[in-house]
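Report on the structure given below.
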Ligand SMILES: [Zn+2]
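Residue numbers (my numbering), protein chains in the order written: chain A, 92 to 347; chain B, 2 to 275.
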C-alpha cells in the first residue's frame, strides 16, 4: 500500500537549539499515528512542520495529493499548501479558540470550510452543519449560538466538527484533550475514537497523555530532545518499551 | 502619485491600491479619500456635482463643492446629466451615468473581509489567493439570524469574477447600477486605499442559490414626484410624527416635478419640502 504521508529526516532548528531532528516515518491511509513526549520534546515543532505552519530546515514531507500523486509539501507553492489546508487537511488546535471563529455562530463555523470550497446553497450548508453538530453530540438547537456560549468540551467538539465537515484525508491534532476536565476528556476521546473508526480517518495526534494514544493511535513515536527515540505499534511500545526513556515515561504515567 | 494609483486601480478592477493619503483641510469621515481622488481627476473644463446620500444641499456636499470652486476654479452643477465628475457619499444617482462621466465614491472601510478577519496581512493574502469563503460566512450569519440576507448597505460584490469589493455604504438597491458606462473611482482616505471600476465592468452581488440577491427597496412611490423606481428616504414631516417617502436623489426628484410629475402630496417643485 502507498503511504498517505511520507516523512523523511525532518529537522527544524531555532538558532543553535534543536526543535526536532531527523524524524522519519510513513503514515498509511486509515492509520492514526501518535507522537508522544514531554513538553519541549519537539513534538509540537514536528507537527507544525508536517502541517505546513513551520518551514523545516531540512527533510521531505511528501503527501499523496488527489491530482499530482506524492508531492513535497515543503517546496510546493503557498497557494497550493493553503488549498490543501482547507480541503484535504484539517488541524485541531489544543485551544479551541485558536481553531474557531468566536464571533460566528456554531453553524457558520461548521459551514465555513464548505463555503470555502464553493458551497452556495444555504439550505444544504445548514443541513450539513446540523448533521455534524449531531455527530459531535451538540444539541442542534444550539446551531445559531456563538461558541463563546459553549463549555470548553463543546467548543472542542465544535472545532472537530468544523474540521471534519469536508471529509479531510489527513487530520493533525495538537493535544486535542489538553486543558479539559478529566470527565470531559473521556467523553471527547470516546467521540474521537468513534469518528476515527467510522470515517476511517488518517490522523497524526500529538499529546503528552499516553491514555490518548492508547485509545486512538495504531502506532506511536516517542520523542525526547527533538529526536524520535522509539517507534512502533502502540500496544507493543506501551506494554514492552525498549528505550530507557520510554520505560520511564510509561512507568511514571501508569503509576498515576 | 494619486493618478498613478488610479491608473493601477483601473488596470486591476476591484483591487485595493495603497496610496499615501495627504493631510486634508477636513477631518476623516468627511470624505478625504473622495476629495483627493476628485482633486486628482478634475480639469478646468470639468463640471463637478457633489452629493451626500443623494442630496446636493447637505452641509457636507455644499462645503466640498465650494472647496473645489475656490481651489480648482471648476464649474459646479446639481444636474446629474450635466456633470462630468460626481463625488458621492453613499448613493449612485438615479439618472443613468454614461461614457465620459466619472463617479467618485467616498469610502469609509475599503476592506470587505474586515468584518470577520481583522488582520490586514491575512486579508491581503485572502485577496491574492481568492480565498473568499469568509464573505459567504457573513451572508450565512445574516440568514441564520434574520431569515434573509439583512445586509442592505455596503453589500459585497465580486468584480470581473476576481476580486471581492466593498461598494462603499451605498444601498444594495444601487448595486445593479454599478455596471455602467461611467468610470467609478473609490477613495478611502483614512485607510489609504484606492480602487476602481472601468466602464461596463462586470459586478456581481454575492448571494446563495436559495437566497438570491434582492435589490428591492421600500415599496412606496415618491410622495413628491410619484416615481416608483427610485430609492427613497423616509422623512418626518410634522411634530405629530407624520412620515412620507421621498426620492433620496434630490436632482432626480426635482427634474421629475419640473417635468410635471406629481406624487401624493401634489406639490410642485418650488414647494418641495424635502
Ligand atoms: Zn421624487
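Backbone N, C-alpha and C define an ideal beta-carbon position, used for all residues, glycine too.
Which whole-angstrom value describes the C-beta separation of residue i and residue j, a residue pair presumed to lie in contact below a C-beta threshold of 8 angstroms?
i: residue 110 (chain B); j: residue 167 (chain B); result: 7 angstroms
i: residue 135 (chain B); j: residue 118 (chain B); result: 6 angstroms
i: residue 39 (chain B); j: residue 108 (chain B); result: That pair is no contact at about 13 angstroms.
i: residue 317 (chain A); j: residue 112 (chain A); result: 5 angstroms
i: residue 224 (chain B); j: residue 260 (chain B); result: Residue 224 (chain B) to residue 260 (chain B), Cβ: 17 angstroms. No contact.
i: residue 181 (chain A); j: residue 123 (chain A); result: Wrong, their Cβ atoms sit about 13 angstroms apart, outside the cutoff.
i: residue 125 (chain A); j: residue 307 (chain A); result: 7 angstroms
i: residue 148 (chain A); j: residue 102 (chain A); result: 5 angstroms
Should residue i be flagged as near chain A, meaning a C-beta pair shorter than 8 angstroms?
i: residue 155 (chain B); result: no
i: residue 174 (chain B); result: no
i: residue 272 (chain B); result: In this prediction, residue 272 (chain B) scores a pLDDT of 47, lower than 50, which makes its location untrustworthy; no coordinate-derived value is stated.
8 angstroms is my cut-off, CB to CB: does residue i come that close to chain B?
i: residue 195 (chain A); result: yes
i: residue 233 (chain A); result: no
i: residue 213 (chain A); result: yes
i: residue 258 (chain A); result: no
i: residue 112 (chain A); result: no
i: residue 207 (chain A); result: yes
What in chain B is Cβ-close to residue i, meaning under 7 angstroms?
i: residue 139 (chain A); result: None at all; the shortest Cβ gap to chain B is about 18 angstroms.
i: residue 170 (chain A); result: 130
Compute the minimum distance between the beta carbon of residue i and the heavy atoms of ligand 1, and state whether it is under 7 angstroms.
i: residue 247 (chain B); result: yes
i: residue 228 (chain B); result: yes
i: residue 257 (chain B); result: yes
i: residue 168 (chain A); result: no
i: residue 231 (chain B); result: yes
i: residue 225 (chain B); result: yes
What in chain B is Cβ-close to residue i, meaning under 8 angstroms?
i: residue 202 (chain A); result: 138, 141
i: residue 192 (chain A); result: 117, 138
i: residue 218 (chain A); result: Result: empty, since nearest Cβ-Cβ is about 11 angstroms, beyond 8 angstroms.
Mind pulling the chain B residues with CB within less than 9 angstroms of residue i?
i: residue 198 (chain A); result: 141, 142, 145
i: residue 173 (chain A); result: 126, 130, 132
To the nearest angstrom, how far is the alpha carbon of residue i from that of residue j?
i: residue 103 (chain B); j: residue 125 (chain B); result: 27 angstroms
i: residue 36 (chain B); j: residue 176 (chain B); result: 22 angstroms
i: residue 20 (chain B); j: residue 187 (chain B); result: 12 angstroms
i: residue 193 (chain A); j: residue 227 (chain B); result: 47 angstroms
i: residue 216 (chain B); j: residue 173 (chain B); result: 5 angstroms
i: residue 245 (chain B); j: residue 91 (chain B); result: 21 angstroms
i: residue 231 (chain A); j: residue 146 (chain B); result: 15 angstroms
i: residue 42 (chain B); j: residue 226 (chain A); result: 59 angstroms
i: residue 176 (chain A); j: residue 142 (chain A); result: 8 angstroms
i: residue 236 (chain B); j: residue 179 (chain A); result: 54 angstroms
i: residue 101 (chain B); j: residue 247 (chain B); result: 29 angstroms
i: residue 279 (chain A); j: residue 172 (chain A); result: 29 angstroms
i: residue 188 (chain A); j: residue 200 (chain A); result: 12 angstroms
i: residue 114 (chain A); j: residue 28 (chain B); result: 58 angstroms
i: residue 13 (chain B); j: residue 179 (chain B); result: 16 angstroms
i: residue 320 (chain A); j: residue 155 (chain A); result: 27 angstroms
i: residue 246 (chain A); j: residue 238 (chain A); result: 6 angstroms
i: residue 209 (chain B); j: residue 309 (chain A); result: 42 angstroms
i: residue 262 (chain B); j: residue 252 (chain B); result: 14 angstroms
i: residue 148 (chain B); j: residue 127 (chain B); result: 28 angstroms
i: residue 4 (chain B); j: residue 18 (chain B); result: 11 angstroms
Just to confirm, does residue i get its C-beta within under 7 angstroms of one of the non-hydrogen atoms of ligand 3?
i: residue 8 (chain B); result: Questions concerning ligand 3 fall outside what the structure shown contains, since the ligands it does hold are ligand 1.
Identify the contact partners of residue i in chain A, using a Cβ-Cβ distance below 7 angstroms as the criterion.
i: residue 211 (chain B); result: 212, 213, 214
Closest Cβ-Cβ distance between residue i and chain E: below 8 angstroms?
i: residue 47 (chain B); result: No chain E appears in this structure, whose protein chains are A and B.
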